[in-house]
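Since the structure comes first, as structure tokens, the remarks are kept for the end.
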Amino acid sequence: MNKPLRRIALFCGLLILTLLIRDNWLQYAQADSLREDPKNRRVAIARYATPRGDIIVDGKAITGHATTKGDFKYKRTYKDGAMWAPVTGFVSQAYGANQLESIEDGILTGNDDRLFFRNTLDMITGKAKEGGNVVTTLNGAAQKAAYDGLKAQGGKGAVAAIEPSTGKILALASFPSYDPSTIAGGSTADEEAWKKLQKKANPDDPMLNRALREVYPPGSTFKVVTAAAALENGLYTDPDGKTDTPLPWTMPGTTTVLKNDGNIPCKNATLRVALQWSCNTVFGKIGSDLENEKMLEQAKKFGFNEEQFTPVRTSASVFSDDMNKSQTALSSIGQFNTATSPLQMAMVASAVANDGELMKPYMVDELQAPNVDPVEKTEPEPMSRPLSAKNAQILQSMMETVVSEGTGKNAQIDGVTVGGKTGTAQHGVGNSKNPYAWFISYAKTDEGSPVAVAVVIEDDNAVREDISGGGLAAPIAKSVMEAVINSKR
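The sequence shown begins at 1286 in the working numbering and counts up by one.
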């Protein structure tokens, strides 16, 4: 071969090699970015070419599908969408997806790698592609009780309920809410609905998942954590022994007297009486005596200061470090910088009810293939042990006194042992805004403790003097607990 031909052959070979490299680069290195490029309509068209799998509660689908005109053949529909939105999230032809619809998108669309062999078999047999299902841990009756209770209050709020022995989330309600069906398509109507749901247009922020993503000052419900710290650190061991709590009590390093609400028996009160009547002085002094490090350690054992994944992410609850004794005292009664999600406080009640062991909370029980064969099963997993069994049982007896004889009487259920704690958390600069009403609780039957609940109500229109955890939040917690108990009978 003469020299010019060799050069041409070499050049052609280089061109072919370059094309091969480029082709492999596109197919492998850039595959994900090209697939996820918003300008790539082929992926979106394929995504909505078949019905999504369903999200399941109590063996029934709470989702569905409808046909649409245009490139996208199917869109998502929801049953009781506003009630279930904090669980499902949304999936939209125009606005993407969030929460379970996003996290489990691979299973629901049928694109998960774990469905590869089934998809290949369907391709060979000519069967249309299908999505798998997400089976939740939710209890439909408990969810309805939670949502209806919040709706009846008319303000904003949230409910979280957990099965203490497993960590299964039984209810997750937020109000106000929204119907994800209204934004599932790509029409002008969907666009208008989306705009009306944004916080800028709607200050009530109905798309905010208050059960998982909002943190509030927990007020006196945090005294359960403080009582646990007192017991675990040996500061007090007898719930009926007198505490060293003068009245009035001035916070260390200040001239500020920590006040109690009303004329209640707090001087040297026992732990039981102090929790029964919610004595700020007793629990503030406990926090001050234990100091920041020990209180922080106890809060972390309950899950504070870290995000939880259920698998939906939960905002981290907050108990600060580097606080002086006075600041620690205020934080120990659920004020100052202390802030928590409703799920976090349900976890606190759950750990107490489960004899001191905190189970990791989760809301997906099983992922299923289109033929309902299991793809993945969630097993209960211990998360931590905030209390010994002995101290947990002491704290149970104290919380049960709160309901039987104290501020939580509105949560009483005939024939069922209920433990709880009320809370009214200060809100706004100088406590200028209406406080938040809290209630955390658990129920016990002969078979054990089937449910622990946290409820928070924020009602800007309520008469300030009428706001209390026992008055606003406890009745909702009661209805959720009753729903769970009745569903097991």
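A virtual CB, placed ideally from N, CA and C, is assigned to each residue, including glycine.
C-alpha distance - residue i paired with residue j, whole-angstrom precision
| i | j | result |
| --- | --- | --- |
| Leu-1652 | Asp-1343 | 14 Å |
| Gly-1691 | Trp-1562 | 6 Å |
| Gly-1756 | Ser-1726 | 14 Å |
| Phe-1568 | Arg-1495 | 27 Å |
| Ala-1783 | Gly-1442 | As displayed, the chain neither begins before 1286 nor continues past 1774, which places residue 1783 out of reach and without an answer. |
| Ser-1616 | Phe-1589 | 13 Å |
| Met-1684 | Lys-1544 | 22 Å |
| Gln-1629 | Thr-1362 | 31 Å |
| Ser-1387 | Ser-1602 | 24 Å |
| Asn-1695 | Ser-1611 | 33 Å |
| Lys-1585 | Ala-1445 | 19 Å |
| Leu-1305 | Asn-1656 | 40 Å |
| Glu-1578 | Glu-1517 | 14 Å |
| Tyr-1521 | Asp-1546 | 23 Å |
| Met-1368 | Ser-1462 | 7 Å |
| Ala-1759 | Val-1688 | 10 Å |
| Ile-1761 | Thr-1686 | 19 Å |
| Ser-1764 | Ala-1636 | 21 Å |
Three-way DSSP call (helix, strand, coil) for residue i in this model
| i | result |
| --- | --- |
| Gln-1378 | coil |
| Gly-1755 | helix |
| Gly-1704 | strand |
| Asn-1264 | The first residue shown for the chain is 1286 and the last is 1774, placing residue 1264 beyond what the model contains. |
| Pro-1461 | coil |
| Val-1328 | helix |
| Asp-1652 | Looking at the sequence shown, residue 1652 is not Asp but Leu. Correct three-state label for Leu-1652: strand. |
| Gln-1593 | strand |
| Val-1419 | strand |
| Ala-1584 | helix |
| Thr-1353 | coil |
| Val-1558 | helix |
| Lys-1436 | helix |
| Leu-1455 | strand |
| Gly-1442 | strand |
| Val-1372 | helix |
| Thr-1511 | helix |
| Lys-1414 | coil |
| Ile-1549 | coil |
| Ala-1747 | Residue placement at Ala-1747 is poorly supported in this model, since its pLDDT is 42, which falls under 50; the coordinates still yield a value, given next. Coil. |
| Val-1342 | strand |
Nearest to residue i (by Cα), restricted to the options the options
| i | options | result |
| --- | --- | --- |
| Ile-1618 | Glu-1666, Gln-1438, Ser-1573 and Trp-1369 | Ser-1573 |
| Ser-1472 | Asp-1529, Ser-1377 and Ala-1554 | Ser-1377 |
| Leu-1565 | Leu-1628, Asp-1398 and Lys-1508 | Reading the sequence as shown, one finds Asn at residue 1565 and not Leu. It is Lys-1508 whose Cα lies nearest to the Cα of Asn-1565. |
| Val-1419 | Lys-1345, Gln-1438, Leu-1457 and Pro-1491 | Lys-1345 |
| Gln-1593 | Tyr-1647, Ala-1559 and Thr-1541 | Tyr-1647 |
| Thr-1707 | Asp-1606, Asn-1518 and Pro-1502 | Pro-1502 |
| Gly-1538 | Glu-1582, Ala-1614 and Phe-1604 | Ala-1614 |
| Thr-1663 | Glu-1448, Thr-1422 and Cys-1551 | Thr-1422 |
Close-in-space but distant-in-sequence residues of the same chain around residue i (CB under 6 Å, 5 per side omitted)
| i | result |
| --- | --- |
| Leu-1302 | none |
| Ala-1768 | Ala-1426, Ala-1427 and Ala-1430 |
| Gly-1641 | Arg-1670, Leu-1672, Ser-1673, Ala-1674 and Ala-1677 |
| Gln-1384 | Gly-1374 and Val-1597 |
| Val-1542 | Pro-1533 and Thr-1535 |
| Glu-1661 | Leu-1652 |
| Asn-1746 | Note that Asn-1746 has pLDDT 47, beneath the 50 cutoff, so the model's placement of it is unreliable and the number below is only indicative. The answer is none, since no qualifying residue turns up. |
| Thr-1506 | Met-1630, Lys-1706, Gly-1708, Trp-1723 and Ile-1725 |
Beta-ladder partner(s) of residue i, from DSSP
| i | result |
| --- | --- |
| Leu-1543 | Trp-1534 |
| Trp-1723 | Gly-1708 and Val-1741 |
| Gly-1760 | Here residue 1760 is Pro; the residue named in the question, Gly, does not match the sequence. DSSP, once it has assigned bridges, lists no residue as partnering Pro-1760. |
| Met-1775 | Since the first residue shown for the chain is 1286 and the last is 1774, residue 1775 is missing from the structure and cannot be characterised. |
| Tyr-1363 | Thr-1348 |
| Tyr-1333 | None; Tyr-1333 has no bridge partner. |
| Thr-1625 | Tyr-1501 |
| Ala-1614 | The partner list for Ala-1614 (beta bridge, DSSP) is empty, contrary to what the question assumes. |
| Gly-1733 | Thr-1730 |
| Lys-1662 | Glu-1651 |
| Lys-1527 | Thr-1555 |
| Thr-1599 | Gln-1593 |
Own chain, CB closer than 8 Å to residue i, minus 5 neighbours either side, in chain order
| i | result |
| --- | --- |
| Leu-1493 | Ser-1459, Lys-1484 and Glu-1499 |
| Ile-1468 | Phe-1375, Ser-1377, Ala-1379, Tyr-1380, Asp-1475, Ala-1478, Trp-1479 and Leu-1482 |
| Asn-1326 | For the sequence presented, residue 1326 should be read as Arg rather than Asn. Only Asp-1356 meet the Cβ criterion. |
| Thr-1348 | Arg-1337, Asp-1339, Ile-1340, Arg-1361, Thr-1362, Tyr-1363, Lys-1364 and Thr-1373 |
| Pro-1667 | Glu-1642, Leu-1643, Met-1644 and Lys-1645 |
| Asp-1390 | Val-1376, Ala-1382 and Asn-1396 |
| Ser-1466 | Arg-1361, Thr-1362, Tyr-1363 and Gly-1366 |
7 Å CB neighbourhood of residue i in its chain, flanking five on each side removed
| i | result |
| --- | --- |
| Thr-1730 | Val-1701 and Ile-1770 |
| Glu-1743 | Gly-1440, Lys-1441, Gly-1442 and Tyr-1721 |
| Pro-1524 | Thr-1555, Leu-1556, Arg-1557, Ile-1679, Ser-1682 and Met-1683 |
| Gly-1470 | Thr-1353, Lys-1360 and Gln-1378 |
| Thr-1451 | Met-1644 and Pro-1665 |
Contact test: residue i Cβ vs the ligand HEM heavy atom, cutoff 8 Å
| i | result |
| --- | --- |
| Ser-1472 | Among the components of this structure there are no ligands whatsoever, and the ligand HEM is therefore not found. |
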